[in-house]
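Down below is the structure, laid out as structure tokens.
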Amino acid sequence: MTEELRTEEFEVNMGPQHPSTHGVCRFVLKMDGEQIVDLVPHVGYLHRALEKIAENRTYLQYIPFTDRIDYVSAMFCNYGFCLALEKLAKVEVPERAEYIRVIMMELNRIASHLIWLGTFALDIGAVTPFLYAFREREKIMDLFEMVCGQRMTFNYMRVGGVSRDLNPEFIPKAKEFTDYFEPKVDEYEDILTNNPIFLARTKGIGVLPKKLAIDYSVTGPNLRATGFKWDLRKNEPYSVYDRFSFEIPTGGNSDTWDRYMVRIREMREANRIAKQALEQIPEGDFRKKVPVLFKPPAGEVYTRVESTRGEMGFYIISDGTTKPYRVKLRTASFSNLAVLPEITKGCLIADLVAIFASFDVIMPDVDR
Amino acid sequence: MLELERLFKAVYLWLERISGSLGIPHFWFDLFTMILVAGIILAVMSIAAMFLVWWERKIGAHFQVRFGPMRTGWHGSLQLPADGIKLLLKEDTTPAAADKPVFLIAPVIIFVASFLAFVCLPFGKGLIVRDLNIGILYILAITTFTVVSILMAGWGSNNKYSLLGGFRSAAQIISYEVPLTLSVLGVVLLTQSLSMVKIVSAQEQVWNWNIWKQPLGFLIYLTAAVAEVNRTPFDIPEAEQELVAGYNIEYSGMKWAMFFFAEYTNLVLVCGVATTLFLGGWNGPILPSWIWFLAKTLFLIWVVMWFRWTFPRVRVDQLMAFGWKFLLPLAFLNLILTGLLA
Amino acid sequence: MNIIKITANGIYNLILGMWTTVKYLFSHAITLQYPKERWPMPERSRGVVVLTTDPETGKLKCIACAMCVKTCPTSAITMEPETDETGKKQRYPKVFQVDQGVCIFCGLCEEVCPVKEKAIKFVNQYEFSVYTKQELIYDMEKLAEIGKGSK
Numbered sequence: 001m002t003e004e005l006r007t008e009e010f011e012v013n014m015g016p017q018h019p020s021t022h023g024v025c026r027f028v029l030k031m032d033g034e035q036i037v038d039l040v041p042h043v044g045y046l047h048r049a050l051e052k053i054a055e056n057r058t059y060l061q062y063i064p065f066t067d068r069i070d071y072v073s074a075m076f077c078n079y080g081f082c083l084a085l086e087k088l089a090k091v092e093v094p095e096r097a098e099y100i101r102v103i104m105m106e107l108n109r110i111a112s113h114l115i116w117l118g119t120f121a122l123d124i125g126a127v128t129p130f131l132y133a134f135r136e137r138e139k140i141m142d143l144f145e146m147v148c149g150q151r152m153t154f155n156y157m158r159v160g161g162v163s164r165d166l167n168p169e170f171i172p173k174a175k176e177f178t179d180y181f182e183p184k185v186d187e188y189e190d191i192l193t194n195n196p197i198f199l200a201r202t203k204g205i206g207v208l209p210k211k212l213a214i215d216y217s218v219t220g221p222n223l224r225a226t227g228f229k230w231d232l233r234k235n236e237p238y239s240v241y242d243r244f245s246f247e248i249p250t251g252g253n254s255d256t257w258d259r260y261m262v263r264i265r266e267m268r269e270a271n272r273i274a275k276q277a278l279e280q281i282p283e284g285d286f287r288k289k290v291p292v293l294f295k296p297p298a299g300e301v302y303t304r305v306e307s308t309r310g311e312m313g314f315y316i317i318s319d320g321t322t323k324p325y326r327v328k329l330r331t332a333s334f335s336n337l338a339v340l341p342e343i344t345k346g347c348l349i350a351d352l353v354a355i356f357a358s359f360d361v362i363m364p365d366v367d368r
Numbered sequence: 001m002l003e004l005e006r007l008f009k010a011v012y013l014w015l016e017r018i019s020g021s022l023g024i025p026h027f028w029f030d031l032f033t034m035i036l037v038a039g040i041i042l043a044v045m046s047i048a049a050m051f052l053v054w055w056e057r058k059i060g061a062h063f064q065v066r067f068g069p070m071r072t073g074w075h076g077s078l079q080l081p082a083d084g085i086k087l088l089l090k091e092d093t094t095p096a097a098a099d100k101p102v103f104l105i106a107p108v109i110i111f112v113a114s115f116l117a118f119v120c121l122p123f124g125k126g127l128i129v130r131d132l133n134i135g136i137l138y139i140l141a142i143t144t145f146t147v148v149s150i151l152m153a154g155w156g157s158n159n160k161y162s163l164l165g166g167f168r169s170a171a172q173i174i175s176y177e178v179p180l181t182l183s184v185l186g187v188v189l190l191t192q193s194l195s196m197v198k199i200v201s202a203q204e205q206v207w208n209w210n211i212w213k214q215p216l217g218f219l220i221y222l223t224a225a226v227a228e229v230n231r232t233p234f235d236i237p238e239a240e241q242e243l244v245a246g247y248n249i250e251y252s253g254m255k256w257a258m259f260f261f262a263e264y265t266n267l268v269l270v271c272g273v274a275t276t277l278f279l280g281g282w283n284g285p286i287l288p289s290w291i292w293f294l295a296k297t298l299f300l301i302w303v304v305m306w307f308r309w310t311f312p313r314v315r316v317d318q319l320m321a322f323g324w325k326f327l328l329p330l331a332f333l334n335l336i337l338t339g340l341l342a
Numbered sequence: 001m002n003i004i005k006i007t008a009n010g011i012y013n014l015i016l017g018m019w020t021t022v023k024y025l026f027s028h029a030i031t032l033q034y035p036k037e038r039w040p041m042p043e044r045s046r047g048v049v050v051l052t053t054d055p056e057t058g059k060l061k062c063i064a065c066a067m068c069v070k071t072c073p074t075s076a077i078t079m080e081p082e083t084d085e086t087g088k089k090q091r092y093p094k095v096f097q098v099d100q101g102v103c104i105f106c107g108l109c110e111e112v113c114p115v116k117e118k119a120i121k122f123v124n125q126y127e128f129s130v131y132t133k134q135e136l137i138y139d140m141e142k143l144a145e146i147g148k149g150s151k
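Chains as they are written, first to last, in our numbering: chain A, 1 to 368; chain B, 1 to 342; chain C, 1 to 151.
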């Protein structure tokens, strides 16, 4: 007669306030010794009822609220909303406005990836890249503040274009930034990419199989790291993205290191796109005037934008009045977070922290 | 001119004359000088710890292109006294169900362990409290007391996570003691003596320094020493990102400050020993010997801080694997090579 | 042989990382010492809301059309137009209150103002912290005063 040694599972709460849950997210972990058996995320601590608010605001009034869906990459949320309305009301956008939009979006992509880089390195334990990334981010935010007056919640895009034209000193300063930024990415790579401690922490950790990613609607760099080449800027081009040459980086092993590499390369590609857009920007109108109380025809529309975290979708039902009937926001981080319990079975808490940081999930995006 | 050894000798002889003329028995005079020396060492430790905390914050800040403390005193130099006053005024909490004697004694032991090891550290020519002829063995033995203190802190807190953190920290320190000792053995083989003063005297000229003869030993010693002091990349007990926090989560106020200072004095101790063993101790031209010792130790401390602000953190199981499966065979290899070639 | 290659590669990359950080140790820090040094704010920066005054007549340019009141997404603006003896609304505000604590600094009120040189504007003054929430509700005199002061 043999008696098996039975270990008990115990529950641990990684509470809403924790230095490495990005935002307010609560994980209830069921652990067996050191390894995680199950993980249940509890979300909703940052819910602000943005979709309900939309039913009581006019379209122009709602644009500042779209900033706050994902405040780290606010230009994309602004843009998605305006694109949906332009599609619904068949508004033509002047070319200069499209180029301005692309420049702003790609600069915002770089800024958002810099935050991700800083917090990812911080969670792994290297504290210096955080400060270096924020130094670059300051320059981008100075550019934004020069044009639209705010550093984070821009309220810049409008239906039919952008709200204000670029200052005369914006284009030289932006070109200066794109030249300055290129060697900085090399610096971040020097500190992290082939560092043996970093490799030991990230290679082979948190492997996300391609089929699982597609089943859970994971999008963005997480999906591209599994090896599936899907980017809305190339597969369903919108705005003037088809005029620029850029590559879509993908990964091979779909582990944490691959997700890190895909984002580093995306920063370089975004820099490339911004450079090309700054060269090619034409003169012209920056906005096609639409009335302040904008009334699109009744109907429904769904558009999606390749935001920094993945696919950002806007579904708007309009009933012909100045206020929408329903606005539904499809956010990337919500689906990305949903796949986390599947891939963290059997790993340690240190690995959970690294995997969650590499997923680039931020809570306002999840909770809206 | 700044030869501290002559100054100390002069003061000692003057005090002896005074005590002789006052008719005090020699026994009391010896006791008095011992207490005085202990006080001097304590003062040196405290000043070193305070200076190092300020230095770490400034150096760390400049690595991160920012300034660090600037407002309190000239460039933040009064920051540490300000922090010290704050810690003294903090409420001293003890968990209700804690094991009180164990809980209270743990910070004392860790402080005493670091303090005792300074007995054998040669600060300069003739500036050593007692030149034991088993000097380096004594230091290695005393520094093992930190393990006892950490286990007591983890147990006495009556907290599941504190206990686990204490276990982890103790396991880390014990596993890295072995490569540390083996790398020191290489130097001992070359010098054929365990006495600290003899080890330094064998490194009179720059080309005689042990770092040229034992480069592998130096690297192993530095890595193991960083792990001993619980600094990044091996600072699992202090990482906030880990759920299982360190052994000192239940401590507040002055008791926590003891752990904090003990970490920095351990750092000074470990870098001081490295200077003595590998970089020639207090040898150097022109300047007085204690300035050379100070400069070399500060340089090594700066290198350890450089590690902290550059490297990510190692995971706890990888840390044990690294210590046992990589450093230990390397240390044995070093010992074999030294035995063959020396 | 593989282990030696891996070790050498590892040590090389560790030193490369250390070299990258030490370069910044010897360069000047880029942060500002805030109360003593201040960053010059760009012109379009959205700080506090103000009302502009006509330099010739000395009165506010506002025509009490209430477009800003209707457009503000958080209803931070309250306005009442002047009425003459017969109760007819005049084109001048009697009460104009902006709650700077509710304002989200979006800039829509400035955008929709129909007056040529914008009767309501954002200026780039950002240091307006106070001790009570009541002090954050700016009435007409205070708005006009800051508007005159920052021209």
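Where a beta carbon is used, it is the ideal one built from N, C-alpha and C, also for glycine.
{"query": "In chain A, what lies closer than 7 Å to Ser152(C) by C-beta?", "result": "Absent from the model: residue 152(C). The displayed extent of chain C is 1 to 151, so no value can be given."}
{"query": "Quick check: is the beta carbon of Ala29(C) nearer than 8 Å to any beta carbon in chain B?", "result": "yes"}
{"query": "Between Asp165(A), Asp242(A), Phe134(A) and Val91(A), which has its C-alpha nearest Gln276(A)'s C-alpha?", "result": "Asp242(A)"}
{"query": "Mind pulling the chain B residues with CB within less than 8 Å of Asn195(A)?", "result": "Phe311 and Pro312"}
{"query": "Give a yes or no on whether the minimum CB-CB distance between Phe17(B) and chain A is below 8 Å.", "result": "The residue you asked about is not Phe; residue 17(B) is Arg in the sequence shown. Chain A, which has no Cβ nearer than 8 Å to the Cβ of Arg17(B), makes this no."}
{"query": "If contact means a Cβ-Cβ distance below 7 Å, which residues of the segment 111-142 of chain A contact chain D?", "result": "Judged by its chain identifiers, the structure shown contains no chain D, and its protein chains are A, B and C."}
{"query": "Verify whether the separation of the beta carbon atoms of Ile249(B) and Val316(B) is less than 8 Å.", "result": "no"}
{"query": "Look up Phe334(A) in the DSSP assignment and say whether it is helix, strand or coil.", "result": "helix"}
{"query": "Roughly how many angstroms separate the alpha carbons of Cys109(C) and Ala54(A), rounded to a whole number?", "result": "19 Å"}
{"query": "What would DSSP say about Pro93(C), mapped onto helix, strand or coil?", "result": "strand"}
{"query": "Closest Cβ-Cβ distance between Ile69(A) and chain C: below 8 Å?", "result": "no"}
{"query": "Label Asp374(A) either buried or exposed according to how many other C-beta atoms from any shown protein chain fall within 10 Å of its C-beta, with 16 as the threshold for buried.", "result": "Residue 374(A) lies beyond the range of chain A shown here (1 to 368); nothing can be said about it."}
{"query": "Taking a cut of 7 Å between CB atoms, which residues from the segment 48-65 of chain B lie near chain A?", "result": "Phe63, Gln64 and Val65"}
{"query": "Less than 8 Å between CB atoms is the rule here; does Pro69(B) satisfy it with respect to chain A?", "result": "no"}
{"query": "Measuring only the C-alpha atoms, how far is Met41(C) from Ala74(A)?", "result": "21 Å"}
{"query": "Should the segment 259-273 of chain A be called in touch with the segment 217-226 of chain A, which here means at least 3 C-beta pairs below 8 Å?", "result": "yes"}
{"query": "Thr78(C) lies in the alpha helix (DSSP H); which residues open and close that run?", "result": "Looking at the DSSP string, Thr78(C) is not in any alpha helix (DSSP H); the run it does join, the beta strand (DSSP E), is Ile77 to Thr83."}
{"query": "Are the C-beta atoms of Leu25(C) and some chain A residue less than 8 Å apart?", "result": "no"}
{"query": "If the criterion is Cβ atoms closer than 8 Å, does the pair Glu86(A) and Gly33(A) meet it?", "result": "no"}
{"query": "Taking 8 Å as the threshold, find out whether the segment 88-101 of chain A comes into contact with the segment 62-72 of chain A through three or more Cβ pairs.", "result": "no"}
{"query": "Is DSSP giving Lys58(B) helix, strand or coil here?", "result": "helix"}
{"query": "Quick check on the DSSP output: what are the complete beta strand (DSSP E) runs of length 3 or more inside the segment 171-239 of chain B, in order along the chain?", "result": "none"}
{"query": "Does Gln351(B) come out as helix, strand or coil in the three-state DSSP assignment?", "result": "Chain B is shown only over 1 to 342; residue 351(B) falls outside these bounds and no answer can be derived."}
{"query": "With a cut-off of 8 Å, does the C-beta of Ile191(A) fall near any C-beta of chain B?", "result": "yes"}
{"query": "Output needed for Met1(B): all residues of its chain with C-beta closer than 6 Å, excluding positions within five of it in sequence on either side, in chain order.", "result": "A caution first: Met1(B) carries a pLDDT of 49, below 50, which makes its placement in the model too unreliable to give a value."}
{"query": "Helix or strand or just coil, what does DSSP make of Glu56(C)?", "result": "coil"}
{"query": "What did DSSP end up calling Leu304(B) once you bin it into helix, strand or coil?", "result": "Checking the displayed sequence, the identity of residue 304(B) turns out to be Val instead of Leu. Three-state DSSP puts Val304(B) in a helix."}
{"query": "Once the 5 residues before and after Leu87(B) are set aside, which same chain residues still bring their CB inside 8 Å of it?", "result": "Gly253, Met254, Trp256 and Ala257"}
{"query": "Determine the extent of the beta strand (DSSP E) in which His42(A) is found, giving its start and end residues.", "result": "Gln35 to His42"}
{"query": "My output table needs one value for Lys61(C): the three-state DSSP class, helix, strand or coil.", "result": "coil"}
{"query": "Between which residues of its own chain and Arg38(C) is the CB-CB distance below 8 Å, once the five residues before and five after are set aside?", "result": "Leu32"}
{"query": "How should Ser307(A) be labelled, buried or exposed, when 16 other C-beta atoms within 10 angstroms of its C-beta is the threshold for buried?", "result": "buried"}
{"query": "Taking buried to mean at least 16 other C-beta atoms within 10 Å of its own C-beta, is Thr83(C) buried or exposed?", "result": "exposed"}
{"query": "Below 8 Å between beta carbons: does that hold for Arg368(A) and His47(A)?", "result": "yes"}
{"query": "Output, in chain order, the set of chain C residues within a Cβ distance shorter than 8 Å of Pro172(A).", "result": "Those within 8 Å of Pro172(A) in chain C number zero; the least Cβ separation is about 15 Å."}
{"query": "Of all the options Glu51(A), Leu88(A), Gln35(A) and Tyr79(A), which has the alpha carbon lying nearest to the alpha carbon of Gly299(A)?", "result": "Leu88(A)"}
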